[in-house]
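This report concerns only the one structure given below.
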Amino acid sequence: MSHHSNTSVSYHTPFKLNQQVVYPLQGVGKIISIEERPFKDKKLLYYVIYLEVSDMTVMVPVEKAESLGIRAIVSKEEAEKALNFISEEYEPVPTDWKLRYQMNLDLLKQGSVIDIAQVVRTLYHRSKIKELPILERKLFDSALKLLVDEISYSLGLRKEEIEHMIFSKLEAEAPEKVKPSHASSLADEEEPDLEETFDLEEEEEEEEEESFDY
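Written as structure tokens, this is what we have:
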């Protein structure tokens, strides 16, 4: 299969060649090419994005990138705001694990750095009340990785340093800053059915995205 790399061609697109971007649920990626490709009876312009975390290359139509939630890496100011957000007072979460899980998954799909930080904060403090079900542990691990990756790129610091900063802020919260008027909502709930599968990725439409290896 031939690939027509247009690295020498200048396109007026929201994201530029070699720019680091955030791909929802996948993390930081790099635009390694902007290419025209035939699709049905027309030609579409695509971003070719390399996702380091999964060692995967994806093609995303330029016109679909925004609706898919692809965005630029946050500024240093926004990254620091997300770190500070972790130590702020927060509302308790629903006792129904399925509802809580879906709410947090929806936040990750929205993909803003504050949304991701909220998932990390919520599940960390929930884990201090009761051990997380397996699905939520995986959700927490994924959210933490997404947060660490983006903030490390934004601030230009090693991932180990960022993770240490995040846990320092989380641990500084003990005892948890849960608003007392809602404390009763933190009752125990049933464990999930462990046969349920965990899949962070949304169903992909063939028109919107194509994965391939070079």
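Sequence positions in the sequence shown follow our numbering and run 282 to 495. We treat Cβ as the ideally placed atom computed from N, Cα and C, and that holds for glycine.
State the DSSP-derived secondary structure class of A455, mapped to helix, strand or coil. Model confidence at A455 stands at a pLDDT of 48, short of 50, so the residue's coordinates are unreliable and nothing is read from them.
Pull up the distance between the alpha-carbon of L389 and that of E344, whole angstroms please. Distance between the alpha carbons of L389 and E344 is about 22 Å.
L298: buried (16+ other C-beta within 10 angstroms of its C-beta) or exposed? By the neighbour-count rule (16 or more Cβ atoms within 10 Å), L298 is buried.
Between the region 347–364 and the region 426–439, do at least 3 Cβ pairs fall closer than 8 Å? The region 347–364 makes contact with the region 426–439: 3 or more CB pairs, one atom from each, lie closer than 8 Å.
Please say whether V302 and R381 have beta carbons closer to each other than 8 Å? Contact flag unset, no.
Can you give the Cα-Cα distance for L364 and M446, rounded to whole angstroms? Each residue's Cα considered, the two are about 8 Å apart.
Could you spell out the range, first to last residue, of the beta strand (DSSP E) harbouring V497? Residue 497 is absent from the structure shown; the chain starts at 282 and stops at 495.
Counting Cβ pairs closer than 8 Å, one from the region 418–430 and one from the region 392–400, do we hit at least three? Touching, per the Cβ criterion.
For the candidate residues E442, P319, K379, P305, whose alpha-carbon lies nearest to that of E417? Cα-wise, what sits closest to E417 is K379.
Along the chain, where does the beta strand (DSSP E) containing I415 start, and where does it finish? Unbroken run through I415 is the alpha helix (DSSP H), 415–436; no beta strand (DSSP E).
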